[in-house]
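J.: Provided herewith is a single structure, encoded as structure tokens, for subsequent inquiry.
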Amino acid sequence: MRKILPILFLLSKFAAAQTAPDIEKKLADLDKAVKSAQSAGDNAWMLMSAALVLMMTGPGLALFYAGLVRRKNVLGTMMHSFILMAVVTVLWAVIGYSMTFGDWNSFVGGGQYAFLHGVGAAPNPDYAPTIPQQTFMVYQLMFAIITPALISGAFAERMKFSAMLLFTILWALIVYFPMAHMVWGKGGLLNASLGGKIPTFDFAGGTVVHITSGISALICALYLGRRKGYRMDPMRPHSLVLSTVGACLLWVGWFGFNAGSALAASSLATSAFVATHFGAATAALAWMAAEWMDTGKPSVLGAISGAVAGLVAITPASGFVKPFPAMLIGVAAGVACYFMVSRVKHALGYDDSLDAFGVHGIGGTLGALLTGIFATKEVNDVLNGKALGWVDGNAGQVLNQLAGCLIAWTLAAAATWAILKVCDTVIGVRVDAQDEIEGLDLSMHGEEGYNFEA
Amino acid sequence: MKKIEAIIQPHKLEEVKEALKGIGIDGMTILEVRGHGRQKGHKEIYRGMEYQVDLLPKIKLEVVVPATRADEVIHTLITAARTGKLGDGKIFVFDVAEAIRIRNDDRGEAAL
Numbered sequence: 001m002r003k004i005l006p007i008l009f010l011l012s013k014f015a016a017a018q019t020a021p022d023i024e025k026k027l028a029d030l031d032k033a034v035k036s037a038q039s040a041g042d043n044a045w046m047l048m049s050a051a052l053v054l055m056m057t058g059p060g061l062a063l064f065y066a067g068l069v070r071r072k073n074v075l076g077t078m079m080h081s082f083i084l085m086a087v088v089t090v091l092w093a094v095i096g097y098s099m100t101f102g103d104w105n106s107f108v109g110g111g112q113y114a115f116l117h118g119v120g121a122a123p124n125p126d127y128a129p130t131i132p133q134q135t136f137m138v139y140q141l142m143f144a145i146i147t148p149a150l151i152s153g154a155f156a157e158r159m160k161f162s163a164m165l166l167f168t169i170l171w172a173l174i175v176y177f178p179m180a181h182m183v184w185g186k187g188g189l190l191n192a193s194l195g196g197k198i199p200t201f202d203f204a205g206g207t208v209v210h211i212t213s214g215i216s217a218l219i220c221a222l223y224l225g226r227r228k229g230y231r232m233d234p235m236r237p238h239s240l241v242l243s244t245v246g247a248c249l250l251w252v253g254w255f256g257f258n259a260g261s262a263l264a265a266s267s268l269a270t271s272a273f274v275a276t277h278f279g280a281a282t283a284a285l286a287w288m289a290a291e292w293m294d295t296g297k298p299s300v301l302g303a304i305s306g307a308v309a310g311l312v313a314i315t316p317a318s319g320f321v322k323p324f325p326a327m328l329i330g331v332a333a334g335v336a337c338y339f340m341v342s343r344v345k346h347a348l349g350y351d352d353s354l355d356a357f358g359v360h361g362i363g364g365t366l367g368a369l370l371t372g373i374f375a376t377k378e379v380n381d382v383l384n385g386k387a388l389g390w391v392d393g394n395a396g397q398v399l400n401q402l403a404g405c406l407i408a409w410t411l412a413a414a415a416t417w418a419i420l421k422v423c424d425t426v427i428g429v430r431v432d433a434q435d436e437i438e439g440l441d442l443s444m445h446g447e448e449g450y451n452f453e454a
Numbered sequence: 455m456k457k458i459e460a461i462i463q464p465h466k467l468e469e470v471k472e473a474l475k476g477i478g479i480d481g482m483t484i485l486e487v488r489g490h491g492r493q494k495g496h497k498e499i500y501r502g503m504e505y506q507v508d509l510l511p512k513i514k515l516e517v518v519v520p521a522t523r524a525d526e527v528i529h530t531l532i533t534a535a536r537t538g539k540l541g542d543g544k545i546f547v548f549d550v551a552e553a554i555r556i557r558n559d560d561r562g563e564a565a566l
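In order, the protein sequences belong to chains A and B.
Start counting the first sequence at 1; every next residue gets the next number (this note's numbering).
Start counting the second sequence at 455; every next residue gets the next number (this note's numbering).
Quick look at the structure:
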């Protein structure tokens, strides 16, 4: 025994000496494999989400809006959404992504990612540490596409196509990229988790997407004036079938919009998915109920508009609230937006053709404020244990949310007015009276949507 | 020859067609039209905007028959198209100067 022990000791020493680097290497390999597995899962979900968000613009929004206009403007209206899928994409590659997610000041990003310089397979640890920055970039692009497309609901049936293109480019540069930087960019003024001075919670773009587009829509409606024959000629939606299909695609696409904003295939994504769905459901019911009591009939247009209003309102809250608060937010949005578009709009007399302001401006603002009430660290501990919203005991958050809304309202309103002035001077924003009567399909695009005799 | 124009409820078209076939009237022209008489339209509401829709979809059916058969055809039309409610439509009868079959130049009642 005495002789064997030292030999065993030596042997064990020898074995340890042999395997220690092996184990380290194995651990490192394992670590790498785990990271790569997580990245694969997250990347799959984020690419899927990017595609879902693009689906919201075309076909979702394109169909939703197209059904609401008269037959003679169906193509022009779809073109507003469709062409932005191309225009904003180019703009995003050239400077948009950099202005939004580059470093510079608290209002706008710098030029470090111009022409997508340095945006490749390596993750950007500030924003999404587990997916290629290129995935993050293309996902965020889809948001930049749908936001100006939402505005087109306000100037539908009467804006010159060329003016609409110029307007959109300027609007993205002056309103969207800076606003998105303020809320989501590192060091942005309103960024809660990355060092903003006024921390606000906007999970998936209530302020960035819906308030900016909604307020800009109102300004567009006021600037362009009413459609010819407004309140005199019949302007019934030409196909609520198209609108219903569009609304359903929006609902499904919104899972990419909200749950994708978790930027990972995580339990937070699940939570946002659930909140989104529940908010949409109660909003559809709330709008339907309000209308049923008000007019005596539950319309299909009402139900689908309610769902969209709920999806808008739940957007900023989706990653911060539990399912039941999400349902409450949906109810509030359904009722508020119903009265906005069916009463207040008519009382004030402006012609927001497809209610981009009534649904996105009002629903977005309501959602942003209610996020301040219902956001809880139990869902998303974004401030490392500190209270988020009123339900956590931080009532002051509602004021921060209000400040965020006011900044978005002011920037969107002032910039939109100025941009419209420029476009009006350079090109003229409104089509000729004759072109408007003929319809934008023929006068702008030289086509018709429905050639039944062909 | 008489041309009989009947403006009827769209959902009555099949019944009317069958009834006319039943008395041997095979040829007819159908037009989808819109109009209104004493039947008032209905109200539609889209996001709080009310529209009075008073031009309602109707079917206009045209047949040209020998004058001697006009009363029989009119009677058949009335029986098949009537529901007894406002909006059942109207029948107008015209004299026809000439009928010509394009294929072989048949004239008059032979062309019907």
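A virtual CB, placed ideally from N, CA and C, is assigned to each residue, including glycine.
Model, not experiment: these values are computed from the prediction.
Where does the unbroken alpha helix (DSSP H) through Ala368 of chain A begin, and where does it stop?
T.: As a working mapping, residue 368 of chain A is identified with position 368 in the first sequence. Its alpha helix (DSSP H) spans residues Ile362 to Phe374.
J.: Note down the Cα distance separating Ile373 of chain A from Ala415 of chain A, rounded to an integer number of angstroms.
T.: For the purposes of this step, residue 373 of chain A is identified with residue 373 of the first sequence, where counting begins at 1. For the purposes of this step, residue 415 of chain A is identified with residue 415 of the first sequence, where counting begins at 1. So the alpha carbons of these two residues sit roughly 30 Å apart.
J.: Is Gln506 of chain B helix, strand or coil by DSSP?
T.: As a working note, residue 506 of chain B is residue 52 in the second sequence. Strand at Gln506 of chain B.
J.: On the DSSP letters alone, give me the boundaries of the alpha helix (DSSP H) that Thr276 of chain A sits inside.
T.: Along the first sequence, one-based indexing puts residue 276 of chain A at 276. First-last of the alpha helix (DSSP H) with Thr276 of chain A: Ser267 to Thr295.
J.: Please go through the same chain and pick out, in chain order, the residues whose beta-carbon is closer than 7 Å to the beta-carbon of Trp390 of chain A, but skip the five residues on each side of it.
T.: Reading the first sequence from its first residue, position 390 is the one you call residue 390 of chain A. Closer than 7 Å at the Cβ level, and outside the excluded window around Trp390 of chain A, lie Gly372, Ile373, Gln397 and Val398.
J.: Which residues share a DSSP beta bridge with Gly489 of chain B?
T.: Numbered from 1 along the second sequence, position 35 holds the residue referred to as residue 489 of chain B. DSSP, once it has assigned bridges, lists B:Leu510 as partnering Gly489 of chain B.
J.: Can you pull the chain B residues whose beta carbon is under 7 Å from the beta carbon of Thr295 of chain A, in chain order?
T.: Position 295 of the first sequence holds residue 295 of chain A. Here the neighbours are Ile499.
J.: Please state whether DSSP places Asn451 of chain A in a helix, a strand or coil.
T.: Indexing the first sequence from 1 puts residue 451 of chain A at position 451. Asn451 of chain A: coil per DSSP, three-state reduction.
J.: List, in order along the chain, the chain B residues whose C-beta lies closer than 8 Å to that of His346 of chain A?
T.: Numbered from its first residue, the first sequence carries residue 346 of chain A at position 346. Ordered by position in chain B, the residues that pass the 8 Å Cβ test against His346 of chain A are Gly502 and Met503.
J.: Between Val517 of chain B and chain A, is the shortest Cβ-Cβ distance under 9 Å, so that the two count as touching?
T.: The sequence position of residue 517 of chain B within the second sequence is 63, counting from 1. It does not; no Cβ of chain A falls within 9 Å.
J.: Starting from the Cα of Tyr230 of chain A, find the closest Cα among A:Phe273, A:Asn258 and A:Ala156 and give me that residue.
T.: In the first sequence, the residue the question calls residue 230 of chain A occupies position 230. Comparing Cα-Cα distances from Tyr230 of chain A to each of A:Phe273, A:Asn258 and A:Ala156, the minimum goes to A:Ala156.
J.: Relative to the alpha-carbon of His346 of chain A, which residue among B:Arg555, B:Ile499 and B:Lys475 has its alpha-carbon at the smallest distance?
T.: Residue numbering aside, residue 346 of chain A sits at position 346 when the first sequence is read from its first letter. Nearest to His346 of chain A by C-alpha distance, out of B:Arg555, B:Ile499 and B:Lys475, is B:Ile499.
J.: So Ala403 of chain A is in the alpha helix (DSSP H); what residue range does that whole segment cover?
T.: Taking the first residue of the first sequence as 1, we reach residue 403 of chain A at position 403. Segment Gln397 to Val426, the alpha helix (DSSP H) holding Ala403 of chain A.
J.: To the nearest angstrom, report how far apart Leu566 of chain B and Lys471 of chain B are at their CA atoms.
T.: Walking along the second sequence from the start, residue 566 of chain B turns up at place 112. Walking along the second sequence from the start, residue 471 of chain B turns up at place 17. If you take the alpha carbons of Leu566 of chain B and Lys471 of chain B, they lie about 17 Å apart.
J.: Taking 6 Å as the limit between beta carbons, can you name the residues of its chain near Ala114 of chain A, skipping five residues before and five after?
T.: For this step, residue 114 of chain A is matched to residue 114 along the first sequence. Contacts found: Ile95 and Ser98.
J.: Any beta carbon from chain A within less than 9 Å of Val487 of chain B's own beta carbon?
T.: Your numbering for residue 487 of chain B matches position 33 in the second sequence. Chain A, which has no Cβ nearer than 9 Å to the Cβ of Val487 of chain B, makes this no.
J.: Please state whether DSSP places Asp42 of chain A in a helix, a strand or coil.
T.: Position 42 of the first sequence, counted from the first residue, corresponds to residue 42 of chain A. Correct three-state label for Asp42 of chain A: helix.
J.: Could you confirm whether any beta carbon from chain B is found closer than 9 Å to the beta carbon of Leu301 of chain A?
T.: Position 301 of the first sequence, counted from the start, is the residue given in the question as residue 301 of chain A. It does: the Cβ of Leu301 of chain A has a partner Cβ on chain B nearer than 9 Å.
J.: For Glu436 of chain A, count the other beta carbons within 10 Å of its own beta carbon; 16 or more makes it buried, fewer makes it exposed. Which is it?
T.: What you label residue 436 of chain A is simply residue 436 of the first sequence in a count that begins at 1. Result: buried.
J.: Excluding sequence positions up to five away, which residues of its chain have a Cβ less than 8 Å from the Cβ of Thr135 of chain A?
T.: Mapped onto the first sequence, residue 135 of chain A falls at position 135. Within the same chain, Thr135 of chain A has close Cβ partners Asn43, Met46, Leu47, Ala50 and Ala128.
J.: How about Pro323 of chain A: is its C-beta nearer than 9 Å to some C-beta of chain B?
T.: Residue numbering aside, residue 323 of chain A sits at position 323 when the first sequence is read from its first letter. By this cut-off, Pro323 of chain A is not an interface position.
J.: Less than 8 Å between the CB of Ala275 of chain A and some heavy atom of the ligand FAD, yes or no?
T.: Questions concerning the ligand FAD fall outside what the structure shown contains, since it holds no ligand whatsoever.
J.: In this structure, does DSSP put Phe257 of chain A in helix, strand or coil?
T.: Counting from one through the first sequence, the residue named residue 257 of chain A turns up at place 257. It is helical.
J.: I'd like to know if Arg226 of chain A contacts chain B, where contact means its C-beta is closer than 9 Å to some C-beta of that chain.
T.: Reading the first sequence from its first residue, position 226 is the one you call residue 226 of chain A. Not one chain B Cβ lies under 9 Å of Arg226 of chain A.
J.: Just reading off the beta strand (DSSP E) that Val119 of chain A is part of, what are its end residues?
T.: Taking the first residue of the first sequence as 1, we reach residue 119 of chain A at position 119. Run containing Val119 of chain A: none; DSSP gives neither H nor E here.
J.: Find the residues of chain B that neighbour Arg236 of chain A, judging by a C-beta separation of less than 7 Å, and give them in chain order.
T.: Translated into positions along the first sequence, residue 236 of chain A becomes position 236. Within 7 Å Cβ-Cβ: Glu498, Tyr500 and Tyr505.
J.: Just the chain B side, please: which residues come within less than 7 Å of Ser342 of chain A by C-beta, in chain order?
T.: Reading the first sequence from its first residue, position 342 is the one you call residue 342 of chain A. Within 7 Å Cβ-Cβ: Arg501 and Gly502.
J.: With DSSP as the reference, please indicate the residues paired to Ala128 of chain A in a beta bridge.
T.: For the purposes of this step, residue 128 of chain A is identified with residue 128 of the first sequence, where counting begins at 1. Paired residue(s): A:Asn124.
J.: For Asp381 of chain A, which residues in chain B fall below 9 Å Cβ to Cβ?
T.: By 1-based counting over the first sequence, the position of residue 381 of chain A is 381. Simply none; closest approach about 40 Å.
J.: So for Gly60 of chain A, helix, strand or coil by DSSP?
T.: Residue 60 of chain A sits at position 60 when you count from the first residue of the first sequence. In this structure, Gly60 of chain A counts as helix in the three-state DSSP scheme.
J.: How many angstroms separate the CA atom of Asp355 of chain A from the CA atom of Phe64 of chain A?
T.: As a first step, residue 355 of chain A is located in the first sequence; it is residue number 355 there, counting from the start. As a first step, residue 64 of chain A is located in the first sequence; it is residue number 64 there, counting from the start. C-alpha separation (whole angstroms): 12 Å.
J.: Could you give the C-beta distance for Thr207 of chain A and Cys337 of chain A, rounded to a whole number, given that I count them as a contact under 8 Å?
T.: Locating residue 207 of chain A in the first sequence gives position 207, counting from the first residue. Locating residue 337 of chain A in the first sequence gives position 337, counting from the first residue. Between Thr207 of chain A and Cys337 of chain A a beta carbon distance of about 17 Å is seen, past the 8 Å cut, so the two are scored as non-contacting.
J.: For the segment 532-558 of chain B, list the beta strand (DSSP E) runs that are entirely contained and at least 3 residues long, ordered along the chain.
T.: 543-549
J.: Relative to the C-alpha of Ile151 of chain A, which residue among A:Leu165, A:Thr276 and A:Ser267 is closest?
T.: Numbered from its first residue, the first sequence carries residue 151 of chain A at position 151. Checked all of A:Leu165, A:Thr276 and A:Ser267; the closest Cα to Ile151 of chain A is A:Leu165.
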